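Worksheet for the structure shown next.
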Amino acid sequence: MEELIKEIQELKKKRRAVILAHNYQPDAVQDMADFVGDSLELSRKAAASPAEVVVLAGVRFMAESASILAPEKTVLLPDIFAGCPLADSIDAEALRRARERYPDAAVVCYVNSPAEVKAESDICCTSSNAVQVVQSLPHRRVLFVPDRNLAHYVSRFTDKEIIPWEGSCLTHCRVTREDVEEAREAHPEAKVLVHPECRPEVVEAADFVGSTGQILKYARESRDREFLIGTEMGIIHRLEAENPGKKFYLLSPGLICPNMKLTSLAKIAQALREMKPVVRVPEPVRSRAREALERMLKVG
Ligand code: 13P
């Protein structure tokens, strides 16, 4: 393990590379990364970093976003099979057909989506800015793709008509209302913090709803000492590291995203050694997807 870490450090210097990791990554990968964050933070970092190579320790759509925003950089995804079933629940052709059915609607596209779908959308959003993005639009109707639970969450904050796509995250959907009730009984002092990809009844039963970055911020700033967490288990590593003395419990067993766990230190070393697998979004998809992502970055 120590040798691998040393090798990655040397390769990073040699390649002028930066390692960006999502909050769901395995603990050892988070510890090795130059930056750990949520989807929005990773997009911003990829665009702003002076590095020539970005190792995106996450899943494919995150590497695509980095490549779209920073085409001059080489973006490496340590395991090319790290996908996202939610992102795969939509493709560009299906979205084009839906647009024809709702010609007056703006298309808001959650970043958990393929680059081709972003290219067909008016604006992107992440779970940390979805409400602001929708509110920033002049349209009365919004076709919100591909996560129906995030669409439902957004609809609580706006008078606009939100037309949801029928995708969802298998991991977040594991949390049930009963899980929340049982966990509250077992830990009556604990605050319930969940991701907006959870089912609507779980979101309604929570004390706080936010992206992984917002959950981390809430826990840091809170005076409470115990928290029940409704998102992927990888976040517990940072929650515990940043909050000594506070206690964190997962709301349900099995909150694990198998795709996020495909990254390892060995695969990061191999990617830097061989400079592959590279994720590159070709033109003209890249330029069109970039417009949708940049509109989002301007909103916040
Ligand atoms: P955030 O880190 O932006 O909350 O998104 C996590 C994610 O991709 C959930 O599936």
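Residue numbers for the sequence shown follow the working numbering, so the first one is 3 and each next one is one higher.
Don't be surprised by glycine CBs; every beta carbon is placed ideally from N, CA and C.
The structure presented is a predicted model; accordingly, all values stated were derived computationally and were not measured.
Query - Ser41 versus Lys14: straight-line alpha-carbon distance, rounded - result: Just so you know, the alpha carbons of Ser41 and Lys14 end up roughly 22 Å apart.
Query raised in the report: What are the partner residues of Asp149, as DSSP defines its beta bridges?
Result: Gly169.
Requested in this report: Reducing DSSP to helix, strand and coil, say where Gly232 ends up.
Outcome: Here Gly232 sits in strand by DSSP.
Query - Close beta carbons around Val2, own chain, < 6 Å, minus the five adjacent residues each side - result: Because residue 2 is not part of the residues shown, which for the chain are 3 to 302, the question remains open.
Query raised in the report: Cys126 bridges to which residues according to DSSP?
Result: Beta-bridge annotation (DSSP): Cys126 is paired with Cys111.
Query raised in the report: Can we say the segment 156–174 touches the segment 126–143, given the rule of at least three CB pairs closer than 8 Å?
Result: When C-beta atoms of the segment 156–174 are compared with those of the segment 126–143, three or more pairs fall below 8 Å, so the two segments count as touching.
Query - Close beta carbons around Ser138, own chain, < 7 Å, minus the five adjacent residues each side - result: Excluding sequence neighbours, Ser138 sits near Val301.
Query raised in the report: If we count the other Cβ atoms within 10 Å of its Cβ and call it buried at 16 or more, is Gln11 buried or exposed?
Result: Taking all protein chains shown into account, Gln11 has fewer than 16 neighbouring C-beta atoms within 10 Å of its C-beta and is therefore exposed.
Query raised in the report: Is the number of C-beta pairs between the segment 252–259 and the segment 181–188 that are closer than 8 Å three or more?
Result: Output reads yes: the segment 181–188 touches the segment 252–259.
Query raised in the report: So, is Met3 buried or exposed, given that buried needs 16 or more other C-beta atoms within 10 angstroms?
Result: Around the beta carbon of Met3, fewer than 16 other beta carbons sit within 10 angstroms, so the residue counts as exposed.
Query raised in the report: Going along the chain, which residues of its own chain have a beta-carbon closer than 7 Å to the beta-carbon of Val211, five neighbours each way excluded?
Result: Closer than 7 Å at the Cβ level, and outside the excluded window around Val211, lie Tyr155, Val196, Pro198 and Val205.
Query raised in the report: What did DSSP end up calling Leu264 once you bin it into helix, strand or coil?
Result: In the structure shown, Leu264 sits in a helix (DSSP, three-state: H, G or I).
Query raised in the report: Taking all protein chains shown into account, do 16 or more other C-beta atoms lie within 10 angstroms of the C-beta of Ser289, making it buried, or fewer, making it exposed?
Result: Around the beta carbon of Ser289, fewer than 16 other beta carbons lie within 10 angstroms, which makes this residue exposed.
**Report entry** Member of His189, Thr173, Asn261 and Asp90 whose CA lies at the smallest distance from the CA of Val147
**Finding:** Of the listed residues, the one whose Cα sits closest to Val147 is Asp90.
Query raised in the report: Any idea which residues DSSP pairs Lys300 with across the strands?
Result: Beta-bridge pairing links Lys300 to no other residue.
**Report entry** Nearest-angstrom Cα separation, counted from Glu234 out to Arg201
**Finding:** Arg201 and Glu234 have their C-alpha atoms spaced approximately 14 Å apart.
Query raised in the report: So the alpha helix (DSSP H) Ala132 belongs to, where does it begin and stop?
Result: Taken as a continuous stretch (DSSP letters only), the alpha helix (DSSP H) holding Ala132 covers Ala132 to Gln137.
Query raised in the report: Looking only at C-alpha atoms, which of Lys263, Asn261, Pro286 and Ile217 sits nearest to Glu242?
Result: Per the C-alpha coordinates, the member of Lys263, Asn261, Pro286 and Ile217 positioned closest to Glu242 is Ile217.
Query raised in the report: CB-CB under 6 Å to His24, same chain, minus the five flanking residues each way: which ones, in chain order?
Result: Counting only Cβ-Cβ distances below 6 Å, and skipping sequence neighbours, we find Gly60.
**Report entry** Same chain only: Cβ atoms within 6 Å of Asp36, ignoring 5 sequence neighbours per side
**Finding:** Only Val20 and Ile21 meet the Cβ criterion.
**Report entry** Per DSSP, cross-strand counterpart(s) of Tyr155
**Finding:** None; Tyr155 has no bridge partner.
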